[in-house]
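Residue numbers for the sequence shown, in the numbering used here: 1 to 137.
Built from N, CA and C at the ideal position, the CB exists for glycine as well.
Working notes, beginning with the structure itself.
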Amino acid sequence: MIKNIWDWLKQINTVKSPSSSFSDKDWEIWNSYMIHRFLSMNPDFIDIVNEVQSINPQNKKQIYTIYREFIPVNNKWNKYIKSNIKQHKTELLTHLSNYWECSQNEVKEYLNFLEDDVILRILERIGLDKKEINKLL
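Structure, rendered in structure tokens:
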């Protein structure tokens with residue numbers, strides 16, 4: 001019985017059971033996007049994942065079968081690759097867009113050039129206390 005996305009990845013990478021062996025409840029747990037995402041963390045599988053992504057995500061059994069057939073048995077741990085782009089909190093963007101009277105997209109561009117101490121002084125000028133500022137930065 002499949003309980004989560006990790007069980008599906010285990011099925012694809014090591015167990016390789018036929019798609020007919022899973023219940024409808026198991027298939028409800030399947031998430032094509034997440035399967036593609038985690039399999040693509042292995043550089044050896046990027047090409048196959050890229051091809052399989054063109055299949056309609058609702059064709060769960062077809063996607064599973066392709067991965068089961070084309071991905072070799074492996075029990076290798078794949079490091080999760082995170083984005084290096086710093087995401088700013090929407091509340092910070094709102095405060096700064098009100099301060100500069102501009103859009104939040106413009107604020108995002110400004111934040112790429114400003115140092116944290118400059119942003120800190122602006123937030124203090126707006127009237128936020130240290131606790132709120134620390135939460136935003």
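Item checked: Continuous alpha helix (DSSP H) stretch holding ILE12: start and end -> It is not in any alpha helix (DSSP H) - ILE12 carries neither H nor E in the DSSP assignment.
Margin query: Which of the three DSSP states is assigned to SER54 in this structure?
Written below: coil
Check: Does the beta-carbon of PHE113 have 16 or more other beta-carbons within 10 angstroms, so that it is buried, or is it exposed?
Finding: PHE113 should be labelled exposed.
Next item on the list: Kindly indicate the opening and closing residues of the alpha helix (DSSP H) around SER40.
Entry: Here SER40 belongs to no alpha helix (DSSP H), and DSSP marks it neither H nor E.
Next item on the list: May I have the straight-line CA-CA distance separating ILE126 from SER103, to the nearest angstrom?
Entry: The alpha-carbon atoms of ILE126 and SER103 are separated by roughly 17 Å.
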